[in-house]
Amino acid sequence: MKSSIKTLVGIVIFFLLCSQSIQAQSQISGAIQAESGQPLPFVNVLLLSAADSSLIKGEVSGENGEYVLKNIAAGNYLVMASMVGFLESYSSPLQMKGEKGQMNLDAIILQEDVKELKAVEVVAKKPLFEQKIDRLVINVENSITSAGSSALEVLERSPGVVVNRQNNSLSIAGKDGVVVMINGKINRMPLEAVVQMLEGMPSSNIESIELITTPPADFDAEGNAGFINIVLKQSNDNGLNGSYTLSGGYGKGTTASSGINFNYRQKHINLYGDYSFSREAQEQVFTFGRQVRLNGETIGTDTRSVRDPIQRNHNARLGLDWNLSPKTVLGVLLSGYDNRWSMNAMNHSTISRNGLPDTLLAITNDEVNHWKHLGGNLNLQHTIREGEILTLDADYLSYDNVNPTNYFINYSDGAGALLFEEQTFSGKATPIEVGVGKLDYTKTFSEKLKMEAGIKGTVSHFDNDVTVSRIENGASVNDPNLTAKYQLEESIGAAYSAFSLKLDDKSDLKLGLRYE
0 MKSSIKTLVG IVIFFLLCSQ SIQAQSQISG AIQAESGQPL PFVNVLLLSA
50 ADSSLIKGEV SGENGEYVLK NIAAGNYLVM ASMVGFLESY SSPLQMKGEK
100 GQMNLDAIIL QEDVKELKAV EVVAKKPLFE QKIDRLVINV ENSITSAGSS
150 ALEVLERSPG VVVNRQNNSL SIAGKDGVVV MINGKINRMP LEAVVQMLEG
200 MPSSNIESIE LITTPPADFD AEGNAGFINI VLKQSNDNGL NGSYTLSGGY
250 GKGTTASSGI NFNYRQKHIN LYGDYSFSRE AQEQVFTFGR QVRLNGETIG
300 TDTRSVRDPI QRNHNARLGL DWNLSPKTVL GVLLSGYDNR WSMNAMNHST
350 ISRNGLPDTL LAITNDEVNH WKHLGGNLNL QHTIREGEIL TLDADYLSYD
400 NVNPTNYFIN YSDGAGALLF EEQTFSGKAT PIEVGVGKLD YTKTFSEKLK
450 MEAGIKGTVS HFDNDVTVSR IENGASVNDP NLTAKYQLEE SIGAAYSAFS
500 LKLDDKSDLK LGLRYE
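If you use numbering that gives the first Met the number 0, the sequence shown corresponds to residues 0 to 515, in order.
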């Protein structure tokens with residue numbers, strides 16, 4: 000009896016996973032042209048809500064002027080196109096009715112911005128999206144649409160990026176395996192923990208986000224889908240300056256965040272730091288039903304899942320740059336975060352055979368995922384002569400993760416009478432230590448030609464201690480098949496060389512070679 004019921008439970012769990020991973024695709028496509036009919040590449044294309052003009056998604060037109068906005072929910076929208084030297088232009092209001100809809104818009108025509116001025120005042124302002132030879136830069140700092148958002152919310156609106164909040168994953172251009180970097184340094188946590196960290200990082204502390212789909216030679220040989228580099232703010236103004244932000248809201252629960260950053264710069268020193276805190280509690284409700292033919296029978300499931308996750312994040316950074324001489328700068332940086340995610344979930348499922356209730360299943364899941372990180376960096380930059388720079392970096396990174404989870408499962412027959420119940424407890428402790436040493440040399444031959452070369456060594460130690468136990472006859476019994484402890488020691492050495500050449504005003508060439 001138990002074996003038969005557990006087979007049905009396996010089907011329910013399969014449906015639970017499928018319901019989260021199978022999502023309908025919808026998209027809006029079109030093209031951007033000049034008045035002459037010439038396609039316009041690298042135009043900022045923004046999908047706006049028709050109700051309040053808030054930013055939903057962004058993209059950059061390709062070399063043929065075409066664009067595709069993917070994963071668009073049903074709703075009413077406008078498409079706006081903007082580019083330096085042209086007037087902004089909007090599409091007609093449009094309505095996406097179905098989650099599987101595909102809409103091809105008429106070409107949006109941009110008119111040149113020509114004005115006669117008696118006096119000229121030049122003000123430099125970066126566009127929201129900036130296409131470079133190997134990356135797309137999102138200039139968060141000057142974007143009013145990013146105000147009050149988290150780093151994860153900015154990524155959700157970024158070209159080619161898909162954020163799956165149900166399983167805490169990121170993908171670029173439909174590819175998994177994204178590596179996230181902070182100020183050019185790889186974050187060594189699992190991606191699901193990185194997503195939680197980004198949810199708690201306010202956009203007010205971010206200068207830009209770089210989506211790197213063609214990694215240069217000085218990047219590590221990982222990141223199948225590419226790299227996401229988050230560049231944090233640092234002021235170049237003299238004296239003491241800083242900012243403070245506070246935001247809050249309520250939807251299906253409360254959300255609040257705050258952040259502060261400062262910078263103190265004098266002739267020979269620069270002291271800077273920032274701290275941010277966020278807390279979010281948003282109830283999530285999922286309902287779905289499925290039917291499948293199995294061994295000549297029709298097995299149906301109807302499931303309702305109610306989740307109550309609470310996420311709390313602390314992020315802090317403190318750094319000092321000291322000019323030892325006009326040509327040499329010594330830097331020290333300490334950083335850390337404390338991210339705690341907890342969830343209480345209740346799943347009710349009715350399993351039916353040939354249209355009649357067969358088994359009722361109630362699963363209560365209590366889970367905590369707590370990550371702590373402390374990192375230190377020592378760096379030295381020396382200008383050998385004009386256009387020739389030597390940089391030395393040493394990093395120590397420490398991560399600690401605990402992930403206790405409790406499952407309570409009640410099995411009842413179709414009439415609601417209790418058949419049996421199970422209690423399972425799992426715990427995971429994962430400390431990680433990483434040491435990184437790096438030496439880089441840069442030589443600028445001219446405004447058009449630049450060479451880079453360097454070596455890097457990484458040593459890491461990883462522990463993973465997993466325990467699984469069940470309640471049997473009132474006592475906790477370890478499951479030897481699922482309880483295990485693993486250790487990993489890894490050493491990686493690398494060397495690289497790269498050349499950058501500006502061919503003309505519209506063309507750049509970058510060549511690189513890396514060995515690990």
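A virtual CB, placed ideally from N, CA and C, is assigned to each residue, including glycine.
Can you tell me which of the three DSSP states N204 falls into?
helix
Cβ-based burial, N480 [other Cβ within 10 Å; buried from 16]:
exposed
Across the segment 254–272 and the segment 210–224, are there enough close Cβ pairs to call them in contact, namely three or more that are closer than 8 Å?
no
Buried or exposed, going by whether 16 or more other CB atoms sit within 10 Å of the CB of K96?
exposed
Compute the distance between the beta-carbons of G318 and V328, then report whether it is under 8 Å.
no
State the Cα-Cα distance for the pair A73 and L46, rounded to the nearest angstrom.
13 Å
Among the candidates N322, V59, G241, whose CA atom is the shortest distance from the CA of H267?
N322
Beta-carbon proximity check, G36 vs N103, cutoff 8 Å:
no
I'd like the span of the alpha helix (DSSP H) that includes M196, first residue to last.
190–198
Quick one: Cα of T404 to Cα of S397, how far?
23 Å
Using the three-state DSSP reduction, which class does L154 fall into: helix, strand or coil?
helix
Can you name the start and end residues of the beta strand (DSSP E) that I383 belongs to?
355–384
As assigned by DSSP and simplified to three states, the class of P479:
coil
Using the three-state DSSP reduction, which class does A260 fall into: helix, strand or coil?
Checking the sequence, you will find Asn at residue 260 rather than Ala. The answer is strand: DSSP assigns N260 an E or B state.
Do the CB positions of G225 and V193 come within less than 8 Å of each other?
no
Count Cβ pairs between the segment 290–305 and the segment 343–362 that sit closer than 8 Å; are there 3 or more?
yes
Is it right to say H372 is buried, meaning 16 or more other beta carbons lie within 10 angstroms of its own, or is it exposed?
buried
Contacting residues, own chain, Cβ-Cβ under 7 Å from H313 (five flanking each side not counted)
F276, Y336, D337
Sequence-distant residues of the same chain with beta carbon closer than 6 Å to V305, five excluded per side
V284, M345
Proximity to N70 [Cα-Cα], best of V42, V153, G100:
G100
Distance, R311 Cα to E279 Cα:
7 Å
How big is the Cα-Cα spacing for L197 and V230?
13 Å
DSSP beta-bridge partners for K184?
I181
Starting from R513, trace the beta strand (DSSP E) both ways and give me its first and last residue.
506–514
Under the three-state reduction of DSSP, which class applies to M95: helix, strand or coil?
strand
Rounded C-alpha distance that separates K427 from S341:
14 Å
Using 8 Å as the threshold, is the segment 380–392 in touch with the segment 409–421, meaning 3 or more CB pairs across them?
no
E155 versus S475: straight-line alpha-carbon distance, rounded:
43 Å
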